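Offset between the sequence shown (1-based) and my numbering: plus 666.
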Amino acid sequence: MSGKVVRELIHSDKAPKAGTFPLSQAVRANDTLYISGSLGLIPETGEMVTGGVEAECRQALTNMGHVLEAAGGTFNNVVKVTVLLADINDFAVMNNVYKEFFTKNYPARAAYQVANLPKSGRIEIEAIAVLGEIEEKQESPNRKRKHHI
């Protein structure tokens, strides 16, 4: 085994450009895809979509979907999501939109309230995906869980 990691920068013309920020839309390292924070920006203009946190969340996830597609993946490949909210009281609204994109076998997720987001956004979402064919393994309800403290 060579131990080499194959690193590839992922870009989708259907998602907002990084602009002057020193970042990539996503980076693939072997079969793991690290997706940069996605805002509710309109790809063609780079402007924030209007309509509040619901519209921003939907646009951010649509943008993320385009990046996933450019890497050969879908939302089903996502294993971890981090959501940054300008107001944690928007959690329920975000959650309803989130379920439009993640419909089953939900990834692990954390959500935080932050002081400010770029472009005065209300939400930013980043994710980690594992690319390749997905084989779902459901935990048996009869399986005994081990608890470690």
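Every residue gets a Cβ at the ideal spot worked out from N, C-alpha and C, and that includes glycine. Predicted model, so just to flag it, every value in this text is computed and none were measured.
Asked: Close Cβ partners of residue 741 (< 6 Å) along its chain, the five nearest in sequence each way excluded; Found: 767, 768
Asked: Nearest-angstrom Cβ-Cβ length linking residue 726 and residue 702, presumed shorter than 8 Å; Found: About 11 Å; that fails the 8 Å criterion.
Asked: Where the beta strand (DSSP E) through residue 746 begins and ends; Found: 744-751
Asked: Opposing strand residues paired with residue 724 [DSSP bridges]; Found: For residue 724, which the question treats as bridged, DSSP gives no partner whatsoever.
Asked: Opening and closing residue of the beta strand (DSSP E) in which residue 772 lies; Found: Run containing residue 772: none; DSSP gives neither H nor E here.
Asked: Residue 689 burial status per 10 Å Cβ neighbour count (16 or more: buried); Found: exposed
Asked: Residue 800 - DSSP class collapsed to helix/strand/coil; Found: coil
Asked: Where residue 793 falls, given that 16 or more other Cβ within 10 Å makes a residue buried; Found: buried
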